[in-house]
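Input: a single structure, listed below in structure tokens.
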Amino acid sequence: MRNVHETVDGPIAGYNDRQRQILRGELVGLIAFTVMALVGVIVISVWQGETRATEGFRAEYEYNYAGVQKVNFLQYLTSKNITPTQISPEAAAAYGVWAGANPKTKNVQVLTKYLGAKYEDTAAIFGYMSQYVTTGLGQSCEYCHNLADFSSDEKPTKLNARNMFVMMFEVQNKWVESIPRPEGQVIYQLQCASCHNGVAKFWNKDLKAKSQESFGVAGGGMPYDYTFADERFLGSLPDADGRVNYFQVIADRTTPPGLNDTARNQNAMYHMNTALGVGCDFCHYGGYFRSYSLPDGTYKYPKAQARHMLGMLQDLTVNWLPQLPPLDANSVAAPDQAVAPNCYMCHRGYVVPPGDIAPTEPIQKVAAPLLAPLQDIPIPISVLPKP
Amino acid sequence: MEAEALYPEGIERRAKKSFHIRALQGFGDTQIGPIYLGIWGLLAIGSFAITVLMIFIGYGLQVGWNPIRFMREFAVLGVEPPAPSYGLQFAPLAQGGFWQIATLFLTLTLVFWTIRIWSRATANGVRPLLPIAFGAALFLFSAIYIIHPISMGSWNEAPGHGLRAQLVWANNFSIKYGNFYYNPFHMVSIFGLLGSTVLLAMHGATILATVQYQSHRELDEIEDSTEGTHRAQLIWRWIMGFNATPHSIHVWALGLATLAAVAGGIGVITSGPAEPNWYLWACRAGITPGGIAACVPLP
Amino acid sequence: MLSYEADYRREAMGVPARASFGLFKTWIGRFYLGLWGIVGVLMGTIGSAVWLWQVVILDPTQTGNPLRNFVAGQIPVPKASLGMGIATTGADGLWWQVVVFCATITFLAWMLRQVDISRQLKMRYHVPVAYAAVLSSWVTIQIVRPALLGHWAEGFPLGVLAHLDWLSAFGYRYYNFYYNPFHALGVALLFGSGFVLSLHGATILSASGLRNKGVTEDNINRFYWDFFGYSVGEIGVHRLAFLFSVLCVLLSNLCLVLSGTVVQDWSRFWDFWNKLPIWSGFGF
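Chains as they are written, first to last, in this note's numbering: chain A, 1 to 387; chain B, 1 to 299; chain C, 1 to 284.
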């Protein structure tokens, strides 16, 4: 056997200084590249600052669905650098005059029906308006009211608002109260702020431009005003068993070919990521997206809730918004086009819409609402686990 | 043998020049070139040029020929296949036609390239094993771009050309067919792919660890193994109880890498006609986590 | 023993065994033992036994079929409420911790045994270095990243298909893992490794056994110059191999460690590109 310490010809023994220098340089370069890439990723992430809101502890399977918290609306406004609107001094003075002359309300057609007789009291209604409507719409009283005669319907904004109240309460009663939920989860209530988020004409071009600031390059973050409510979505209705398939995604033997349906669905899902500020596993079992529960039996309530909400979205788009007066020239859609709401409209990056309120007052059911839906959209049936 | 005698003048002529990159010293050979053109190389270049042209025209149309937008959005631009409504027909240029032409010429490029390697292998006196190995990769390519779309009756099943388009296809394809992690052919393919990396690390490390004993002279070692091979074999025999020979390790290498590609291709081809939902397949096979009892039923 | 092996064993006995302190320097059949062999076998047996007992024998999937259990069963991770503590009962995650602990020691022992054997055979240390890269992946995923995030629950469950579920969910948790740049680099090197392996295997096999026809490394060189323009050479290809495969693993470690700690959303990560001053003011 050869003496292993004998010097042999070859590249190892034959490395000269130049080669060693080059090799050292290459190693340093490799390490430098990796370190720079690493530092780059860290710096970019920190500099970008905004990460999507996380809900509780985000390891798999351990979301606390029942205990999801709502962010305070005023804090939300402040975080978006919007100063909560105050009632203007003129309106306050005018109200003082009106309240003195009219301790009982006149021409209130909606609030008393849904919230009860206490709102026949001017002071009570003023409390309601100033707490919810002023901040929710970002407008003072004179936006809707004639300050000399608060009961007058001369301003079209007041008529719009009345119709919107009907829509709000009806949607609350039909969709929000019936949302499938785990034991102990709070049902919040819709308010003006839920959709308007402090801006009266929130569906206008300026807002759209501002909301496009975070269009993710990779497409993972869709524009905030992204709409997936196309004809196929709007026309998807539950079958006799209550199953509805808004997005044809996962294949069985009858699935038509093509990945464009999957892509369409994925865009909708990415929108939900952005809109709710949650990862995919908040709603889904990552092993099989179609499933409503995990292998260990945990039921994924948010997925059932999301499907429920898609029904609500359909209802809003098909039934309610076409009945409301057309928007003005400053809006995105042409006056004759219905605007399509999306998840972000209310959720704004949070699981519970910041504009919602805690359920302090029960909302009554009204047999013949002032504005009726154009058609009945059936609620998708959720097969919930037995308690 | 005299290689020069194999290269007559004219289109068959190879580049006369070669140059050296000194920075490669200590890593590998420093010589770059001379490269050979040949008729198949020429055809491959021409065909690839058409592919690239189609893709860049597609990109250009999407950015309105604005070079700044092109730079900003390069990663998300994509030339997409036609919509499913076109089936397997020719689509108008802007609605998938560009993709069809680009993919056709990409396939031709790969075919020309394979023939090119074949001709170069035989011209240089070695067995044409590399083009056969490349055939495995070609099989995977054709499974994804040709066989599966045809079997499903729609070009829309194939990926678009573009960075984001490719990634999005991988994600969507897996979602559509019920989670590719549960596709058994995909499992075998991953085993081949990760196994290839492991085997590559093992073989590379073994040779480098014994290079002072000339184990890197693999053709010589195959004929007659000497000390380097002995030590290389013993390290593995002592570690794990068995070892390869300088010849057989390369059979393992080629076999594992080929397995990755071929199994992957079979996994793609079986998705759809044979099994449209791999998770449900795994459910029926009883191998989902939690077993049959916990196999998540649909509502 | 192989025909030439006796000489090498004799030579190995004469090598100062610093790595294993000279303990247990013997062979059991073909296998070298060494101190780390003992440690590895011990911990490996314990860990495997616990896993088999929990996953296969206890029949958690209730199918009565051990083969199904082997594939479908798992030892789940500890509850998040445990934090970084030590579990006391099985329900808390004790068996996961036991198996992870045993496995880590076993892998470490395996690597040190490789060091030991490399020294006995007077080889350089590339083999244990390559193995250390893979070992670092295990340690990163099961120990380092959970420690950074404060919960053992961040590790992956010990089950054949269950760990695939974890992998899939991990990617979707960060919205779209394809946009993780270190993941992209790792994937490029992974496919690159498959490519290099296929090339190298085919190359050697295409030229082997043809010595009588005068085929040498020179033919391989010419082949690669012809079709590709560059021939890396017989040592270079092994350096390429080592580099690709080891780098793939090390960069992948980074892709995992950065997720959840520094970056929550990889698709939004690339927003910075859109916001670069060069093209931000153009109104599109």
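Note that the Cβ used here is the ideal one computed from N, Cα and C, for glycine as well.
Where Leu158 of chain C and Gln142 of chain C are concerned, what is the direct C-alpha to C-alpha distance, given to the nearest angstrom?
-> For this step, residue 158 of chain C is matched to residue 158 along the third sequence. For this step, residue 142 of chain C is matched to residue 142 along the third sequence. Whole-angstrom Cα-Cα distance: 10 Å.
Best match in C:Trp110, C:Ile105, C:Phe70 and C:Gly83 for proximity to Phe31 of chain C [C-alpha to C-alpha] = Taking the third sequence and counting its residues from 1, the one referred to as residue 31 of chain C is at position 31. The shortest C-alpha separation from Phe31 of chain C is found at C:Trp110.
Could you list the residues in the region 171 to 192 of chain B with a C-beta less than 9 Å from some C-beta on chain A, going in chain order?
-> Asn171, Asn172, Phe173, Ile175, Lys176, Tyr177, Gly178, Asn179, Tyr181 and Tyr182
Going along chain B in order, which residues have a C-beta closer than 7 Å to the C-beta of Pro256 of chain A?
-> Reading the first sequence from its first residue, position 256 is the one you call residue 256 of chain A. In chain order: Pro84.
Is it true that the CB of Cys248 of chain C sits closer than 9 Å to the CB of Thr258 of chain B?
-> If you number the second sequence from 1, residue 258 of chain B lands on position 258. If you number the third sequence from 1, residue 248 of chain C lands on position 248. In this structure, Cys248 of chain C does not lie closer than 9 Å to Thr258 of chain B by Cβ.
Whole-angstrom C-beta distance between Ala91 of chain A and Phe140 of chain A, which should lie under 8 Å = As a position in the first sequence, residue 140 of chain A is number 140, starting the count at 1. As a position in the first sequence, residue 91 of chain A is number 91, starting the count at 1. Before going further, note that residue 140 of chain A is Ser rather than Phe in the sequence given. About 5 Å; that satisfies the 8 Å criterion.
6 Å Cβ shell around Tyr285 of chain A - same chain, five flanking residues per side excluded | The residue labelled residue 285 of chain A in the question sits at position 285 within the first sequence. If we look at Tyr285 of chain A and ignore the five residues flanking it on each side, its Cβ neighbours are Ser291 and Leu294.
Just curious, the alpha helix (DSSP H) that Asn267 of chain A is in, first and last residue?
-> Numbered from its first residue, the first sequence carries residue 267 of chain A at position 267. From DSSP, the alpha helix (DSSP H) with Asn267 of chain A extends over Asn260 to Leu276.
Of the choices B:Ala75, B:Phe19, B:Ser142 and B:Pro128, whose alpha-carbon is the least far from that of Thr103 of chain B?
-> In the second sequence, counting from the first residue as 1, residue 103 of chain B sits at position 103. The residue with the shortest Cα to Cα distance from Thr103 of chain B is B:Ser142.
For Asp296 of chain A, which of helix, strand or coil comes out of DSSP?
-> Sequence index remark: in the first sequence, residue 296 of chain A carries index 296 (1-based). If DSSP states are grouped into helix, strand and coil, Asp296 of chain A belongs with coil.
Going by C-alpha distance, which of B:Ala282, B:Ser271 and B:Ser18 is nearest Lys176 of chain B?
-> Here residue 176 of chain B refers to the residue found at position 176 when the second sequence is read from its first residue. Comparing Cα-Cα distances from Lys176 of chain B to each of B:Ala282, B:Ser271 and B:Ser18, the minimum goes to B:Ser271.
Mind checking if Glu26 of chain A is an interface residue toward chain B, Cβ cutoff 9 Å exclusive?
-> Position 26 of the first sequence holds residue 26 of chain A. Yes, because at least one Cβ of chain B sits closer than 9 Å to the Cβ of Glu26 of chain A.
Say whether chain B places a C-beta atom closer than 9 Å to the C-beta of Glu5 of chain C.
-> Translated into positions along the third sequence, residue 5 of chain C becomes position 5. So, interface residue.
Give a yes or no on whether 9 Å exceeds the smallest Cβ distance from Phe139 of chain B to chain A.
-> Reading the second sequence from its first residue, position 139 is the one you call residue 139 of chain B. So, not an interface residue.
Since Phe139 of chain B contacts Gly265 of chain B with CB under 8 Å, what's their CB separation in whole angstroms?
-> Numbered from its first residue, the second sequence carries residue 139 of chain B at position 139. Numbered from its first residue, the second sequence carries residue 265 of chain B at position 265. Sure, about 5 Å apart at Cβ, within 8 Å.
Relative to the C-alpha of Leu185 of chain C, which residue among C:Asp116, C:Gln264, C:Gly44 and C:Leu251 is closest?
-> Indexing the third sequence from 1 puts residue 185 of chain C at position 185. Selected option, being the one with the closest Cα: C:Leu251.
Alpha helix (DSSP H) segment containing His216 of chain B, residue limits | The sequence position of residue 216 of chain B within the second sequence is 216, counting from 1. Looking at the DSSP string, His216 of chain B is not in any alpha helix (DSSP H), and its letter there is neither H nor E.
Determine which residues of the region 198 to 224 of chain C have a Cβ less than 8 Å from any Cβ of chain B, and write them out in chain order.
-> Ser198, Leu199, His200, Gly201, Ala202, Thr203, Ile204, Leu205, Ser206, Ala207, Ser208, Gly209, Leu210, Arg211, Lys213, Gly214, Val215, Thr216, Glu217, Asn219, Ile220, Asn221, Arg222 and Phe223
What is the DSSP secondary structure of Leu104 of chain B, reduced to helix, strand or coil?
-> One-based indexing of the second sequence puts residue 104 of chain B at position 104. Note: Leu104 of chain B maps to helix in three-state DSSP.
For Gln97 of chain C, collect the residues of the same chain with a Cβ closer than 8 Å to its Cβ; drop the 5 residues on either side in sequence, then sort them by chain order.
-> In the third sequence, the residue the question calls residue 97 of chain C occupies position 97. Around Gln97 of chain C: Pro78, Ile86, Ala87 and Trp152.
When the Cα atoms are used, what is the spatial distance from His271 of chain A to Ala263 of chain A?
-> By 1-based counting over the first sequence, the position of residue 271 of chain A is 271. By 1-based counting over the first sequence, the position of residue 263 of chain A is 263. Whole-angstrom Cα-Cα distance: 12 Å.
What's the gap between the Cα of Ser118 of chain C and the Cα of Ile22 of chain A?
-> Looking up residue 118 of chain C in the third sequence gives position 118. Looking up residue 22 of chain A in the first sequence gives position 22. Those two C-alpha atoms are separated by around 27 Å.
Taking Cβ-Cβ distances below 9 Å as the criterion, which residues of the region 140 to 161 of chain B are in contact with chain C?
-> none
Whose C-beta lies closer than 8 Å to the C-beta of Asp224 of chain B among residues of the same chain, with five residues either side of it excluded?
-> By one-based count along the second sequence, residue 224 of chain B stands at place 224. Cβ within range, chain order: n/a, list empty.
Per-residue DSSP class, three states only, for Lys79 of chain C | If you number the third sequence from 1, residue 79 of chain C lands on position 79. Three-state DSSP puts Lys79 of chain C in coil, outside helix and strand.
If we call anything under 9 Å between Cβ atoms a contact, is Val244 of chain A one with Gly311 of chain A?
-> Position 244 of the first sequence, counted from the start, is the residue given in the question as residue 244 of chain A. Position 311 of the first sequence, counted from the start, is the residue given in the question as residue 311 of chain A. Yes.
Counting only the same chain and skipping the five closest in sequence on each side, list residues whose C-beta sits under 8 Å from that of Gly178 of chain B.
-> Your numbering for residue 178 of chain B matches position 178 in the second sequence. Cβ within range, chain order: Pro276, Asn277, Trp278, Tyr279, Leu280 and Trp281.
Just checking my contact of Gly14 of chain C with Phe24 of chain C at CB under 8 Å: how many whole Å lie between their CB atoms?
-> Residue mapping note: residue 14 of chain C aligns to position 14 of the third sequence, counting from 1. Residue mapping note: residue 24 of chain C aligns to position 24 of the third sequence, counting from 1. 17 Å between Cβ atoms; not a contact.
Just mark Arg253 of chain A as buried or exposed, buried being the case when its beta carbon has 16 or more other beta carbons within 10 Å.
-> Counting from 1 along the first sequence, the entry for residue 253 of chain A is found at position 253. Counting Cβ neighbours within 10 Å, Arg253 of chain A comes out exposed, since fewer than 16 surround it.
His203 of chain B by DSSP, collapsed to three states: which one?
-> The sequence position of residue 203 of chain B within the second sequence is 203, counting from 1. Helix, per DSSP.
Roughly how many angstroms lie between the CA atoms of Met36 of chain A and Val28 of chain A, to the nearest whole one?
-> Translated into the one-based positions of the first sequence, residue 36 of chain A becomes position 36. Translated into the one-based positions of the first sequence, residue 28 of chain A becomes position 28. Roughly 12 Å between the two C-alpha positions.
What does Asn274 of chain C touch in chain B if you count any residue whose Cβ is under 9 Å from its own?
-> Stepping through the third sequence from its first residue, residue 274 of chain C is reached at position 274. Ordered by position in chain B, the residues that pass the 9 Å Cβ test against Asn274 of chain C are Arg72 and Glu73.
For His151 of chain C, does the three-state DSSP call read helix, strand or coil?
-> Taking the first residue of the third sequence as position 1, residue 151 of chain C is located at position 151. Of the three classes helix, strand and coil, the one that applies to His151 of chain C here is coil, per DSSP.
Per DSSP, which residues does Asp149 of chain A bridge with? Please list them.
-> What you label residue 149 of chain A is simply residue 149 of the first sequence in a count that begins at 1. Bridge partners of Asp149 of chain A: A:Asn146.
Are Leu77 of chain B and Gly162 of chain B closer than 9 Å when you measure CB to CB?
-> Here residue 77 of chain B corresponds to residue number 77 of the second sequence, with the count starting at 1. Here residue 162 of chain B corresponds to residue number 162 of the second sequence, with the count starting at 1. In this structure, Gly162 of chain B lies closer than 9 Å to Leu77 of chain B by Cβ.
Would you mind working out which of B:Arg127, B:Met202 and B:Gly96 sits nearest Gln62 of chain B, comparing C-alpha positions?
-> Taking the first residue of the second sequence as position 1, residue 62 of chain B is located at position 62. It is B:Gly96.
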